[in-house]
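Okay, structure first, notes after.
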Amino acid sequence: MPTKLSILIVDDEFGLADMLREMLRESGYEVTLAINGKLALEILREGRVDLVLTDMMMPVMDGAELATAMRNDDTHRATPIIMMTSLPTARSQTDRLFDAVLRKPFTPDLLLETMAGCLAGRMESQ
Amino acid sequence: MREQGPSFERRATGIEGLDRILDGGFLVSGVYIVQGPPGAGKTILANQTCFNHAAAGGRALYVTLLAESHSRMFAHLKRMAFFDESAIPDRVYYIGGYSALEAGGLEALVTLIRGAIQKHRATLLVVDGLISAQESSPTDREFKKFLHEIQTLGDLTGCTVLLLTNSQRAAEFFPEHTMVDGVLHLTDELSELRPLRHIRVLKLRGSAPVRGLHSMRITDQGLEVRPRIETRLSPGGVNEQPVAAGLKLPFGLADFDEMLRGGVRPGSVTMLLGSSGSGKTLLGMQFLSEGVRRGERVVYFGFYEQPEAILAKCQRVGIGGLKEGVERGIAQVVWHRPVEGVIDELGESLIETIRNTRPQRLFLDGIEGFERAADFPQRMSHVYSAIAQELERLGITTLYSTETRELFARTIEVPINGLSAATQNIVLLRHIEHRAAMLRVLAILKVRDDDYDARMRELRITNDGIRLLDTFAGESGVAAGGGGAVSDPHAKVPEAYPRAD
């Protein structure tokens, strides 16, 4: 039986992260939550994560800082990171740190499609 | 040794009218509650203050508790002029605080806020959804402790703090109000069918706020606050000092100027009182037209006819020069739709126009336009007084028209308000039935401290302008609409003029 892919959701906004967790679980993923980048790094150190779905603005450690830390870490350098932002249009210099950028609000289909694109290589190796 | 004490340095909100009400803005390190029902404008006020603060070089931190999601908030804010996405995240930073509150209570929330203020070097903090923090607090004392810690944080970091919370009534004064430096109360209520927003300062430490209700509007510019117009001007009633002596300002109508012994005095206020269609607007425009002809600056401020329409109408009846005056920059035509206006917006527009233009002549066409825009009718007398005071201070010779309700009433009611108290001259215009014809008539009812011709004249509007005729020579009771010959039963039938459309 193939192992489920593991997703880490990092978002400080109450409600959204829980909603995404339920939706992704129903789509067959294993999901963990963190409310800031620092807690996300702790979870990354503890076990396998196949994809990180992170908010940009968060307390303690934001999405860009989290992505920088992951890109500087040999273990997580290749882990796909999708950034979720509430900002309507602006592009940030930090966008290059992410494999994809999703603007809130996004549809479940767009999320799953984007995740599938980022996870394509990993799914093949499963 | 340098002594340290409470700082009374201020931090402007950048919302002009609000800063005026707040005596210049919020205190640096001050903690303020902004309360009001949902939809009253709290979030817009706070965000606008954040972006204005960022534009002025500051840094703002916006913490949401159980409030709307950030994406939903941005979707609403992005249509407003103040919203500058490029300021996010470097100068305006948004975080959610509810997860921390749920996980670790108020202590965790304070820790989160403290860390974020330090990390982002914030000088303005907004906590949106204070009610959630209050509800999470096991006791009132714990909540007060939380507020105390926020206050201490503000003191240590030089951060101004806005706490947004729902409250339906200004009368609700909560214990936490004693802990903060100020309380602003926002409302959004219906006045008959009109939605009206107001803001009121319930408390403001170390400042002299403009107290009472002030009107607010939310437009694509953001929140616009207009202090009550009467508070913008110096206190006191209308000054009844005699108007300036010197050369009179004529209307450019030889007959009428003769009745006025040369015109109206500079700086005087003249009421044109009359029924609808009696010629008030055209007489007022004639006054402005003569001003333009003499190279004076003139302003028309009206509610009922749009600028193009009124200029075209003047051209049609031979009152020329105004359009050219507008093109030359010495005439200004200001029009406001009366119904949906806010009286303070109209008042401010008038005051700003006359302060910027400094006209020699002003015609306020349809003073009732102010009344139609009034949120509270009992304010009108104060509003008119304030306007009259400003006109007098600037020495502007003013005509204003006001409408009598009845076309043919036997009695004439002169409206008594703050403006009529300052009125030196009254000219009556009305329709009468005379020998099976409807005629317009004009009479001077009052000229303060001056001689005038009290005769009643027929007023005709022709393609060549306004004409005054001696139609009623020797008749009485004309003003009441029941004119009858008393001395000359064979009064001369007036010379015919081509009537204007």
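So the protein lines, in turn, are chains A and B.
Taking our numbering, the leading residue of the first sequence gets 4, the next gets one more, and so forth.
Taking our numbering, the leading residue of the second sequence gets 659, the next gets one more, and so forth.
Glycine residues also receive a C-beta, built at the ideal position from the N, C-alpha and C atoms.
Nothing here was measured: the structure is a model prediction, and the numbers come from that model.
Item                                                                                                                                                                           : Value
Output the distance between the C-alpha atoms of Glu966/B and Arg1019/B, rounded to the nearest integer angstrom.                                                              : 20 Å
Have a look at Ile10/A, Asp58/A and Asp53/A and flag the residue whose alpha-carbon is nearest the alpha-carbon of Thr35/A.                                                    : Ile10/A
Compute the beta-carbon to beta-carbon distance between Met87/A and Leu47/A, rounded to the nearest angstrom, for a pair I have assumed lies under 8 Å.                        : Contact doesn't hold; Cβ gap of about 18 Å is too wide.
Would you report the Cα separation of Gly1005/B and Phe741/B, rounded to the nearest angstrom?                                                                                 : 28 Å
Within 8 Å of any Cβ in chain B, is that where the Cβ of Ile10/A sits?                                                                                                         : no
Say whether chain B places a C-beta atom closer than 8 Å to the C-beta of Leu19/A.                                                                                             : yes
When the Cα atoms are used, what is the spatial distance from Ala20/A to Asp14/A?                                                                                              : 6 Å
Under the rule that 16 or more other beta-carbon atoms within 10 Å means buried, what is Gly50/A, buried or exposed?                                                           : exposed
Where does Thr1015/B fall in DSSP's three states?                                                                                                                              : helix
Which same chain residues, not among the five before or five after Lys700/B, have their C-beta less than 7 Å away from its C-beta?                                             : Val692, Gly694, Leu822 and Leu844
Return the chain-ordered list of same chain residues with a C-beta closer than 7 Å to the C-beta of Val868/B, the five sequence neighbours on each side being excluded.        : Arg678, Ile679, Pro885 and Thr889
May I ask which residues mark the beginning and end of the alpha helix (DSSP H) holding Thr810/B?                                                                              : Asp798 to Thr815
Quick check on DSSP: helix, strand or coil for Thr671/B?                                                                                                                       : coil
Of all the residues that make up the region 29-44 of chain A, which are near chain B by a beta-carbon distance shorter than 7 Å?                                               : Ile38
List the residues that DSSP assigns as beta-bridge partners of Thr638/B.                                                                                                       : Residue 638/B is absent from the structure shown; chain B starts at 659 and stops at 1159.
Kindly indicate the opening and closing residues of the beta strand (DSSP E) around Ser1043/B.                                                                                 : Segment Met1038 to Leu1052 is the alpha helix (DSSP H) holding Ser1043/B; no beta strand (DSSP E) there.
Check whether the region 717-726 of chain B touches the region 783-796 of chain B, taking contact to mean three or more Cβ pairs, one atom from each stretch, closer than 8 Å. : yes
Starting from Lys861/B and walking both ways along the beta strand (DSSP E), at which residues does that stretch end?                                                          : Arg852 to Leu862
With a cut-off of 8 Å on the beta carbons, I'd call Ala67/A and Met59/A a contact; round off their distance for me.                                                            : 7 Å
Grab the span of the alpha helix (DSSP H) containing Phe740/B for me, first residue to last.                                                                                   : Taken as a continuous stretch (DSSP letters only), Phe740/B belongs to no alpha helix (DSSP H), as it is neither H nor E.
Could you run through the region 60-74 of chain A and flag, in chain order, every residue whose CB is less than 8 Å away from some CB of chain B?                              : Met60, Met61, Pro62, Val63 and Asp65
Closest to Phe101/A by C-alpha separation, out of Lys107/A, Ile84/A and Cys121/A, would be which residue?                                                                      : Ile84/A
Among all the DSSP beta bridges, which residues are the ones paired with Ala1101/B?                                                                                            : Leu1086/B
How far does the beta strand (DSSP E) with Ala103/A in it reach, from first residue to last?                                                                                   : Ala103 to Arg106
Are Glu760/B and Phe801/B closer than 8 Å when you measure CB to CB?                                                                                                           : no
Residues of chain B with a CB under 7 Å from the CB of Asp15/A: which are they?                                                                                                : Ile753, Gly754 and Ser757
For Phe732/B, which residues in chain A fall below 9 Å Cβ to Cβ?                                                                                                               : Ser89, Leu90, Pro91 and Lys107
If you reduce the DSSP assignment to three classes, tell me which class Tyr1110/B lands in.                                                                                    : coil
Please classify Thr1120/B: does DSSP put it in a helix, a strand, or coil?                                                                                                     : strand
Among the residues of its own chain, which have a CB less than 6 Å from the CB of Ala1162/B, if the five just before and after it don't count?                                 : No statement about residue 1162/B is possible, as the shown extent of chain B runs from 659 to 1159 and does not include it.
DSSP on Val838/B, reduced to helix/strand/coil?                                                                                                                                : coil
Determine the DSSP secondary structure at Glu1003/B, reduced to helix, strand or coil.                                                                                         : helix
Does the beta-carbon of Phe17/A have 16 or more other beta-carbons within 10 angstroms, so that it is buried, or is it exposed?                                                : buried
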